[in-house]
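Asker: My questions all concern the structure below.
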């Protein structure tokens, strides 16, 4: 599939096919073969669908980056190799992931530290302080922080979920938990709002908060938290809308992207994205034949628009379906997992991929206001790839453990 | 906990499906509306990636062609160049990704981009191998030699001239002055177009307006050709019919004077046209009545849309119900509220030249594909038939007299009978507009011409000599 894609890109761009172009996709394919073998060898009972799904998404990413900005393809390929290494490290050392629960507070603190680090020594890119610069490498700590945070939350909720679900009060005829159990929710909300204000990172802020609500709901089953959380979200969003220009801009460009007054500046990105998508139609312009490079940051946040332009609704919808399948498999892993920590961890990690892909795909298609965030596995970016491969590794480890335990249960039953 | 996980799963799947639903709106159902936005550069990049066809004159001069722009310097690969500078500006217009399209570039955009043509085998083959697309060329009826002479003859004075082959309606030359160089609005890399564009749009002499098709001027005495045609056709006057000119004519307590307050005494209708007697024509107008005069003006193309490749302003005459006697009398000699474009007055001359038939005017003669193969050829069409052949012949003789011994002697050419009519259109507070319409030779005419020069004085002094220069060239071709 990838080889075909590369060939078509080369034909469209240079009019001939050169062997050089097949090096990166070759490496990526090789990496996935190695990963597959590692999984078969180390955790043979792991889910057999999520890895191929991630492989498909990653390869689409490499293909698009090769087409959009060939100079970045090498870097992306190298990051994939690095991410694959960390994937292997995770399945080697965290095979017994349960022990992580013991270090939940340390992990939580590291996550907070990572998040706040950019406020102190961060570098501002595109109006958002998200980057740490170490030597020649830029690193986005919030990508790793979200994984750590999910581990922390999974452990925390697994331990406290009984407590948090108790409803003792009745307000307006509805039973609600005691006020003090709302404290974690308020804290998380506070962190998200702070992120929105100080880092101007709407995407991560929204992602963190939604994951938190999702996990809280799964852990406690209390709709009150969800309702209260949504109210807090609306409140926070409204405060930021009133108080901060960059939030207001996002909302205005969402409501009216084609306003002639802003179309050349503030709403340039979103309108260019919509032009790209609309020119794609059902089947797209064909790889290499559209003009997606007119969209700013097309290899990162707007890679989905490039896909929509050149591969059309069919291509774009296929990618959405890949995420859908990913979410479905992730949920299946979570359902099959016998322990609370594993359940919450896998559902949290799955939510990251599901919600993050929704936020950015919905953003660039103007379903929701645009928030700058990467498209998991597809977008250009090392930290994002690293985080996504770690998520993938954890999901596989959990699924392996789950099916091993269930098979041992069956064996015990047989005896 | 499994119940909650399932609910969460449903929510996530619903969210992702919403993306697909929204996508199908953005990409398919609502796509036209979005991609049609003027700020979408894709359409432009696509269009300027096509090697647009050339615009070629009847004598095979290329007057608009493409230059290839270096790939790195501009996303617009092919841009326009007008080798003749300003000479054909008002015909070709310009094709600029920044300022849009005008003139024939706009009118024949689809043809020049190769969109209008049928899907031939070669077309399909080119499309399949995605070779750079080439458009079709259009060949005009305009002759560059005649165009240049007409342009030179105007000598930069504000005005216009239109030259038409009366037998076919083919426009042989069309000039307007002042004009502009269309090259300055083509934003080639490194060329500043903002300043010239600002200058052009703010220029008080309106160089961007094509006066030949858009300029509305009182036709003055050149309108007398229409009044005379109406009088002859209805039998109100014959060339021999006698009139009396006292130099003034009282109408409803208002007095109409002849131009320059001259008195022509007793004269026949033929003579009245020759010397351009307003008093006689005022009387003829009053006898014709508003209904008939307006009816004939409309038969000649007034109050009608002229179907032409360039936008044309409608020439106007008031409705009979809006005319009192004074207005009717003034209308009969081209004053009052009559307004005409130079193109319309050239068509009036055409009617007399072509036995009473006005052919539909046209500029584009044929469309060729990029191999030079003719794809489409225009066949001349009849447009109007305001008068009979006999009336046309009588009028032609009367108009020959105008040039031989009347107000139009400045247009005489040795050995050729020229039929013409001068016009001196009075305007308030300024010198009159100078008109001349003519055709030659009187028998089997080759060309019909109208010339107008703004605020230049008498038609016989200014416009007639210009027409003569153009005639000389036209007859030599």
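Protein chains in written order, with my numbering: chain Y, 51 to 465; chain H, 569 to 1045. Cβ coordinates follow ideal geometry from the N, Cα and C atoms, glycine included.
(1) Spatial neighbours of residue 657 of chain H within its chain, please: CB distance less than 6 Å, with the 5 preceding and 5 following residues excluded, ordered by chain position.
(2) So which residues on chain Y does residue 1046 of chain H lean against when the C-beta distance must stay under 8 Å?
(3) Out of H/863, H/785 and H/977, point me to the one whose CA is closest to residue 727 of chain H's CA.
(4) In the DSSP assignment, find the beta strand (DSSP E) that holds residue 845 of chain H and state where it starts and stops.
(5) Which class does residue 648 of chain H belong to by DSSP, given the choice of helix, strand or coil?
(6) CA-CA distance, residue 438 of chain Y and residue 128 of chain Y?
(7) For residue 794 of chain H, which residues of its own chain have a beta-carbon under 7 Å away from its beta-carbon, when the five flanking residues on both sides are left out?
(8) Am I right that residue 364 of chain Y and residue 141 of chain Y are in contact with their C-beta atoms under 8 Å? What's the rounded C-beta distance?
(9) Got a sec, what are the start and stop residues for the beta strand (DSSP E) residue 836 of chain H sits in?
(10) Spatial neighbours of residue 429 of chain Y within its chain, please: CB distance less than 6 Å, with the 5 preceding and 5 following residues excluded, ordered by chain position.
(11) At the level of alpha carbons, what is the spacing between residue 452 of chain Y and residue 616 of chain H?
(12) Going by DSSP, what residue range makes up the beta strand (DSSP E) through residue 817 of chain H?
(13) Taking the beta strand (DSSP E) that residue 813 of chain H belongs to, which residues open and close that run?
(14) Which residue comes first and which comes last in the alpha helix (DSSP H) that contains residue 945 of chain H?
(15) Taking only beta-carbon atoms, is residue 889 of chain H less than 8 Å away from chain Y?
(16) Using the DSSP secondary-structure output, state which residues sit across from residue 619 of chain H in a beta bridge.
(17) Are the stretch 334-341 of chain Y and the stretch 617-633 of chain H touching by the rule of at least three beta carbon pairs closer than 8 Å?
(18) Within a Cβ cutoff of 7 Å, which residues of the same chain sit near residue 378 of chain Y, ignoring the five residues on either side of it in sequence?
(19) Is the stretch 993-1003 of chain H in contact with the stretch 945-955 of chain H, if contact means three or more CB pairs nearer than 8 Å?
(20) Taking Cβ to Cβ, would you say residue 809 of chain H is nearer than 8 Å to residue 849 of chain H?
(21) Hey, could you find the ends of the alpha helix (DSSP H) residue 265 of chain Y is sitting in?
(22) In chain order, what residues of the same chain have a beta carbon less than 8 Å from the beta carbon of residue 756 of chain H, not counting five sequence neighbours either side?
(23) Compare the C-beta of residue 610 of chain H against all C-beta atoms of chain Y and say whether one is closer than 8 Å.
(24) For a contact defined as C-beta to C-beta under 8 Å, what are the partners of residue 603 of chain H on chain Y?
(25) Do residue 613 of chain H and residue 918 of chain H have their beta-carbon atoms positioned less than 8 Å apart in this structure?
(26) Below 8 Å between beta carbons: does that hold for residue 970 of chain H and residue 988 of chain H?
(27) Using the C-alpha atoms, what's the distance from residue 651 of chain H back to residue 708 of chain H?
(28) Beta carbon of residue 489 of chain Y, beta carbon of residue 346 of chain Y: below 8 Å?
(29) When you compare the CB of residue 607 of chain H with every CB in chain Y, is at least one pair closer than 8 Å?
(30) Could you give the uninterrupted runs of the beta strand (DSSP E) lying entirely in the stretch 914-961 of chain H, keeping only those of 3 residues or more?
(31) Tell me the rounded alpha-carbon separation between residue 730 of chain H and residue 873 of chain H.
(32) Taking residue 302 of chain Y as part of the alpha helix (DSSP H), name the residues at either end of that continuous run.
(33) Decide if residue 890 of chain H is buried, meaning its Cβ has at least 16 other Cβ atoms within 10 Å, or exposed.
(34) Would the stretch 251-265 of chain Y count as touching the stretch 396-416 of chain Y if we require 3 or more Cβ pairs under 8 Å?
(35) What are the residues of the stretch 576-595 of chain H that lie near chain Y, defined by any Cβ-Cβ distance shorter than 7 Å?
(36) So which of Y/326, Y/89 and Y/259 has the shortest CA-CA distance to residue 358 of chain Y?
Answerer: Checking against the coordinates, here is how it stands:
(1) 747, 748 and 750
(2) Since the first residue of chain H shown is 569 and the last is 1045, residue 1046 of chain H is not available in this structure.
(3) H/785
(4) Here residue 845 of chain H belongs to no beta strand (DSSP E), and DSSP marks it neither H nor E.
(5) strand
(6) 15 Å
(7) 864, 865, 868 and 916
(8) About 35 Å separates the two Cβ atoms, so there is no contact after all.
(9) 833-836
(10) 350 and 353
(11) 60 Å
(12) 816-819
(13) 810-813
(14) Residue 945 of chain H -> not in any alpha helix (DSSP H); beta strand (DSSP E) instead, spanning 942-945.
(15) no
(16) H/702
(17) no
(18) none
(19) no
(20) no
(21) 252-270
(22) 635, 637, 642 and 647
(23) yes
(24) 325, 328 and 329
(25) no
(26) yes
(27) 16 Å
(28) Because chain Y spans 51 through 465 in this model, residue 489 of chain Y falls outside it and cannot be assessed.
(29) yes
(30) 932-936, 942-945 and 950-952
(31) 18 Å
(32) 295-305
(33) exposed
(34) yes
(35) 576, 577, 580, 581, 583, 584, 586, 587, 588, 590, 591, 592, 594 and 595
(36) Y/326
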